[in-house]
Every structure is written in structure tokens, then in C-alpha cells.
Amino acid sequence: MFDSASLPESQRRIALVDVNSFFASCERVFDPSLEGKPVVVLSNNDGCVVALSKEAKALGVKMGIPWFKISAWAPSVGLVAKSSNYELYGDLSSRVMSILHEFSAHVEVYSVDEAFLEVKGTPEELVALGYDIKAAIQNKLGLPVCVGIGRSKTQAKLANSGAKKSAGLNGVCNLDTFSPEHIDRIMEALPVDNIWGIARRLSKRLNSMGIHTIKDLRDADPVRIKKKFGVVVQRSLYELRGIDCIKLEGERLVKNQVMYSRSFATPVTTRKQMEEVLAVYAQRVSKRLRKQGSVAGALTCFAGTSRFANEPFHSPYRNAVFSVPTNDPVEILKAASSVLLECVEDGRKYVRAGIMLHDVSPKTSHQYLDLFTPVHESRQLGEVLDTVMEKHGAFSIGLGAAGFKSPRHWEMKREMLSLRATTRWDELATVHAK
DNA sequence: TCTGGGGTCCTAGGACCC
DNA sequence: TCTGGGGTCCTAGGACCC
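Here the first sequence stands for residues 1268 to 1701, where the numbers follow my numbering.
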């Protein structure tokens, strides 16, 4: 463990550790033949590109492009596509995070592939620490990371993108090692939307006020910025100056909102089919809720036709409130279908649907009387479904319309799936001796 | 033919209260 | 006929993130 306790508070810094092209790098861990090749990972249904290796970026492939638009061209440039394998990524992610805990007592897991760490030390010590972290994750997992270090999360983000872009830094960038003049030059060269928290809309409005670069925002008047853009942009401004306003948080294990939503492999066109969909989705969303030990007080249920079709875009959604907070799949299904099915129209081509649960709270906080406990919940139906599916597969049991043995036509398509090598015994990687 | 999924935080405005 | 002002809570929607 890096001992930071004896160092003064003024040497406290924030490091952002981020796995390079995370999904693509995970694919490479168990398929070394992908090393050095352009690789993309596709969203569910093999729809769009959601992750790209550096070689794929160099070919000009863009994040979010639909796979069907480049699949014919891909072989001619050696571009390899993989379906997303979230089981594998999730497992490697938790291994990365546990390694990071060896380097700091305070780690905030920010997303599947990045974390903020509290670190202390002189600028040189912190650069050395960055290389240690990088080497540990490379050696233990075979995943490449970059480390950015600054006085605030926003500075750490900026440093991290520097570490990624500038080959001379070898993947570690500590802003404290640059002179103020050098930092000015860096900030002057970067458009304001390179900042964490400033995207297209805000940067357009900032531009119209004459704020074009990161330096422009850093040096702007905070009061004026707050008045025009609110506290969020003002915080970014202070963070750029090195005042940390966005505190390091603990890991958020319990979500305030839980959603299950999927696009269909082929459109759903009738209420009857939509009812099947909701039955499956209710089961899955309630499983997520039970997994974090919560109950929900309300839900939103939605469906949508394609934005890209000739027919007018139609996306009905409805809310429902439970009389008693619940995680019971039967209650969730009843509520979802009663509100959504009345606004779903036979004959339309729905391409997606979802169920979102709100007012999520810990189950233990509701010590309500037996009288008010939904009858299915009192029989632990949700847990029974979880157990049977765990043992006999996702289609072995289901609620009402979802209780079919075979997959439905609208179920997800993943044609280029890699092995779930770290979580399934029957999908272990095979090593071939030469 | 084929265009992702799962979150967070903030704000403005309405409802309601005294 | 006249019709305040301040506070809180809730919700929908916007913007952002990965």
C-alpha cells in the first residue's frame, strides 16, 4: 500500500486510471491474434460500434456508426468485429478495480473501465506511482491503462487524455510536472468541449460568449458563468483552476434507478408480442433490483418504433406507482403491461422497449405489515425464478407469456461473441503449445 | 435487411401550504 | 370586487457521462 498518511494535505492529488479501449482490450486478452489489429466491439444486436482499438480509430472508424454500414468494407482492411461480451468485461473490470485498491485506500469506481484514486506525494513520486499502477495491471491482467494526475477530477481527466494522446509520456501524465506557461499552452490548444462535463450543447453556447478553449473557460468570470450556465459549468471552471469541487465519492453499489431495456432483433408488431416482451423484461429488471437488495416505488414503461424508418416515430411511455414498494416480478409485470399495452398499437413496428424502476430504496427500510405485503412477494416468487434460471437456463421458466422454452424472434442477436472465459467453466480459453 | 444501454445531476415550473 | 409572498416538494425534461 502506498503510504500517504504522513504527507501534507497540500500534496493530495487525484489520479484517474482508465483502461485504453477497454472492450477491445478485453477481447485481446483471450485472443492474442487480435493484437495489433483493428478491432471494434458492437452494441447489442450487433447494431453499432461502441468501442474501437487504436488501430480501428486510425482507419477512421467512428464511435456509434452502424455496423451494417462498414461490414462489407471491413475485411478489405482487416477490421475485426466482436459482439459485446458484458460478462467478460464485467469480470475483468472488477479485477482491475481490486488491483487499484492496492495503490490507494480511497478509490472511486467511476465506470466499468475507470476509477479516481486519492494519492499523495511529490510530483516525481506520483509519476512513479502512475507507472507502478500501469505495470501492475499490464502484468496481472494484460490490460493497458493510462494514468492522469491533477488537483481535481477535471484536471485528472485532462491529464489522462494527455497521457493517451502524447506518446512521449508513456501513458502517465501529472499536470504538476509542467510549468504554468506550458499548461497555458496546452489549455489554449484544446477546444472547450474537451473538458469533462462540457459537450456539444454547452460548448456551442460557450462559444457564442467568446469562450472557445479550455483556457478561456478557466480564466472566465465565475460569477458570470454561474449566472449564464448554472453551478455545473462554474464547478468545471474552478476545477480547471485546481480547486476540487467534485468530491471523491465512495463506490455507489446501490443505484437510485434501475432499468432494463433492449432493442429487438426483429420488430414487434402486436400487443400480444409486446406482452411477451414485458413479461421477460419484468423478470430481468426485477432480478437486478433484488440483486442490490432494493424495492421500487414506481416505474416507467416505454416502447419505441425506429427513428430511421419512413413511418412516423412513435414512442409511447407511461408511469405507474406501486401501492407498496416492491421487487416482485408479478407486480412489476402487472403494472407495466396495464399501463403500456393500452398505448401500444397493433400494426406499428416497435424496435425497442424497456422498464425503468424509480423511487428505489433498501428493502429492509420497509417493515410494513403482513397485510400489505403483495401475495407473490410473500412466497418469494422472484427468488424462486432466479434460482431456477440460474440452474436450468434463461428460458427454463418464466412468467405468463414469458414461459416458453425457446427464444423469441425479437430476442437479442450476438453473432460474433467471444468466450466468457473468466466466468464459465465450459468457455475456458484453450492454450495451444507449439 | 441492419442504427446501444444504463446511469447521474440540475433546473424550471407547477402544486400546495401557511 | 379585491387576489401576496415566501417556502417546500415533486416532476418532467435537459444535459452530460461512459
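A virtual CB, placed ideally from N, CA and C, is assigned to each residue, including glycine.
Closest residue to E1385 among N1406, V1414 and R1279 (Cα-Cα distance): R1279
Whole-angstrom distance between F1383 and T1480, CA atom to CA atom: 25 Å
Beta-carbon proximity list for E1381, same chain, < 6 Å, skipping 5 on both sides: D1285
Straight-line gap, A1570 to G1621 (C-alpha atoms, nearest Å): 6 Å
DSSP state of D1285 mapped onto helix, strand, coil: strand
DSSP state of E1518 mapped onto helix, strand, coil: coil
CA-to-CA distance, K1424 to M1623, given in whole angstroms: 30 Å
DSSP state of G1564 mapped onto helix, strand, coil: strand
Close beta carbons around S1604, own chain, < 7 Å, minus the five adjacent residues each side: E1542 and L1545
Cβ-Cβ distance between T1593 and V1562 below 8 Å: yes
Euclidean distance between Cα positions of S1419 and C1512: 7 Å
As assigned by DSSP and simplified to three states, the class of C1610: helix
Beta-carbon gap between E1506 and T1421 smaller than 8 Å: yes
Beta-carbon contacts of L1436 that lie in its chain and below 6 Å, excluding the five residues immediately before and after: A1430
Three-state class that DSSP yields for V1698 in the structure shown: coil
Beta-bridge pairing of M1330 - partner residues as DSSP gives them: Its beta-bridge partners do not exist; DSSP assigns none.
Distance, V1317 Cα to K1616 Cα: 25 Å
Three CB pairs or more closer than 8 Å across the segment 1330-1348 and the segment 1393-1401: no
Inter-residue spacing [alpha-carbon to alpha-carbon] between Y1584 and A1348: 34 Å
Collapsed DSSP secondary structure at H1625 in the structure displayed: strand
Counterpart residues of R1280 in DSSP-defined beta bridges: V1386
Whole-angstrom C-beta distance between S1292 and L1410, which should lie under 8 Å: 5 Å
Pick from R1362, L1520 and R1538 that is closest to C1610, judged by C-alpha positions: R1538
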